[in-house]
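Each remark here refers to the structure printed beneath this line.
Residue numbers (this note's numbering): 935 to 1037.
See the structure below:
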């Protein structure tokens, strides 16, 4: 066999390694997609509970989240709050009703 030539066995091993690498990448991509979807659903659930005013269920839901998820929820809540205040200001710049913490 000359330089650069491979036997079928060597080629089979190379192909197996290539297949294994692409399967590993595909699985990693699937896991990333599942993680993203899971985080999105958790955020939607928390937002729904907050909008519904169900503090007890909201607290229970937040209690099951990881620190990373809680950080995401807190960041989303800050963004939502800032955008909602700006939307209120655009609608009626004279009267901006800000809820008290007990609302």
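Even for Gly, the Cβ is constructed at its ideal location relative to N, Cα and C.
| Quick one: what does DSSP say residue 955 is sitting in, helix, strand or coil? | helix
| query | From residue 989 to residue 960, what distance separates their C-alpha atoms? | reply | 40 Å
| said: Three Cβ pairs or more, each shorter than 8 Å: is that satisfied between the stretch 1005 to 1017 and the stretch 960 to 979? | reply: yes
| task | Locate the alpha helix (DSSP H) running through residue 997, then write down its first and last residues. | result | 989 to 997
| Out of curiosity, what's the CA-to-CA distance linking residue 1000 and residue 993? | 13 Å
| task | Give the secondary structure of residue 1002 by DSSP, where H, G and I count as helix, E and B as strand, and everything else as coil. | result | helix
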